[in-house]
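Under the numbering used here, the first residue of the sequence shown carries the number 14, and numbering increases by one thereafter. Structure first, then comments.
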Amino acid sequence: MVEVLNGDDDGCREMFRMDKHVFHKLCGTLRQKGMLRDTPGVMIEEQLGIFLNIVGHNERNRVIQERFEHSGETISRHFNNVLKAVKSLSREFLQPPPISTPTEILTSNRFHPYFKNCLGVIDGKYYLADSGYSNTEGFIAPFEGIRHHIHDYRGANLLQRNAKELFNHRHSCLRNAIQKSFEVLRRRFPILKVAPQYAFHIQRDIVIAACVLHDLIRREERNDWLFAAAAAEGPSSEDLPDLEDGPEMLASPVEGQIASSLRDFIATAMWNDFITKWDEW
């Protein structure tokens, strides 16, 4: 611990998945709020280090025992204590999105005004959903049977040929921003890539804690190396699986008709502008 915390940022990033000043800020927050306490043998910094090693490297208890020179019971106890403490910060860090239209949509004539209400189920607004969802109140899915992944629009297939393809392509571009966030989250905390050997409620809390840490890092270090790398990479290179093989979200006939009418309206307006204002694209 001392070697890592007295070393350069690269060592802290590799071991704890965050910059040193963020690590110290989190320790200070947990100490000040009384969420964790130093024990005679393990300071809060080491408790947090144990937790971050497990979620940041998907390490087993036995490996962490050797690395930190503590018993399996001690490792398990501190892991659970830190998990509970970090999860308790969720009310502060995991907040609903703002009601205003995202800047990325407002400043792009490819997305605005067509997706100006792409926020959530608030006052007629909606989420963009993948093809595993039916069109229903609050959810707009791509057109079925029409290419809808970014990698489907490359090379000779780059140009969209009709309103439905244009809608699906831009729908996918926006959904890709969400996908990249999940990529960064899984890259930082590889434990999220597999089903860990924990009880279900612990698995659930690990996901919540990882999201809290993700947002904490985003708030404290806008130039975090993983966020910067994701921005430099451009569109996501890996697709999150659609839910086509899973249970379908069924909408009532009325809800489905309303949502489909909205999608058709957006697609038509988008295509008309695309054709008549070609020089602006």
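Every residue, glycine too, gets a C-beta built ideally from N, C-alpha and C.
So the candidates are the options; which of them puts its Cα closest to the Cα of residue i?
i      : options                           : result
Asp299 : Leu275, Leu229 and Arg276         : The displayed coordinates of the chain run from 14 to 294. Any statement about residue 299 would go beyond what the structure contains.
Cys40  : Val68, Met56 and Phe92            : Met56
Asn189 : Glu82, Lys177, Tyr211 and His161  : His161
Val204 : Ala222, Ala242 and Trp284         : For the record, residue 204 in the displayed sequence is Ile; it is not Val. Cα-wise, what sits closest to Ile204 is Ala222.
Val68  : Ser89, Ile191 and Leu171          : Ser89
Phe202 : Cys186, Glu233, Leu239 and Asn170 : Leu239
Thr42  : Ser101, Gly20 and Asp21           : Ser101
Phe287 : Ser185, His214, Arg200 and Arg174 : Arg174
Gly151 : Arg276, Asp22 and Pro115          : Arg276
Between residue i and the rest of its own chain, which residues show a CB-CB distance below 8 Å, the 5 nearest in sequence each way excluded?
i      : result
Gln216 : Ala208 and Pro209
Leu198 : Leu205, Ala223, Cys224 and His227
Cys25  : Val17, Leu18, Met31, Asp32, Lys33 and Phe36
Arg232 : Phe106
Could you tell me how far apart the beta carbons of residue i and residue j are, in whole angstroms, since I believe they sit closer than 8 Å?
i      : j      : result
Phe29  : Gly62  : 6 Å
Ile219 : Leu96  : 7 Å
Ala272 : Asn148 : 4 Å
Ala243 : Lys193 : 5 Å
Asn94  : Leu141 : No, Asn94 and Leu141 are not in contact; Cβ-Cβ is about 38 Å, not under 8 Å.
Phe128 : Leu187 : 6 Å
Pro126 : Ser144 : So it is not a contact: roughly 24 Å between Cβ atoms.
Measuring only the C-alpha atoms, how far is residue i from residue j?
i      : j      : result
Arg80  : Tyr211 : 21 Å
Ala282 : Pro109 : 29 Å
His70  : Glu59  : 16 Å
Gly269 : His37  : 50 Å
Gly158 : Ser265 : 21 Å
Ala176 : Thr289 : 13 Å
Leu256 : Thr52  : With a pLDDT of 44 at Leu256, under the threshold of 50, the predicted position of this residue should be treated as unreliable, and no value is reported.
Phe106 : Glu234 : 14 Å
Ala280 : Pro115 : 20 Å
Ser185 : Val267 : 26 Å
Phe213 : Arg200 : 22 Å
Cutting at 7 Å between CB atoms, please list the residues of its own chain near residue i, excluding the five before and the five after it.
i      : result
Asp258 : Note that Asp258 has pLDDT 46, beneath the 50 cutoff, so the model's placement of it is unreliable and the number below is only indicative. Here the set comprises nothing.
Asn74  : Gly85, Ile88 and Ser89
Met14  : Glu58, Glu59 and Gly62
Glu72  : Asn66
Ile77  : Ile63, Asn66, Ile67 and Ile88
Ser103 : Ile221 and Val225
Phe278 : none
Leu253 : Its pLDDT being 49, under 50, Leu253 is placed unreliably by the model, and the measurement read from it follows with that caveat. Closer than 7 Å at Cβ, skipping near neighbours: Gln192 and Phe195.
Please go through the same chain and pick out, in chain order, the residues whose beta-carbon is closer than 6 Å to the beta-carbon of residue i, but skip the five residues on each side of it.
i      : result
Val99  : Ala222 and Val225
Asp237 : Ile230
Phe124 : Ile118
Practice problem: Indicate whether the contact test is met: 3 or more Cβ pairs, each with one atom in the region 174 to 190 and one in the region 154 to 165, closer than 8 Å. | Solution: Two segments are said to touch when three or more pairs of C-beta atoms, one from each, lie closer than 8 Å; by this definition the region 174 to 190 touches the region 154 to 165.
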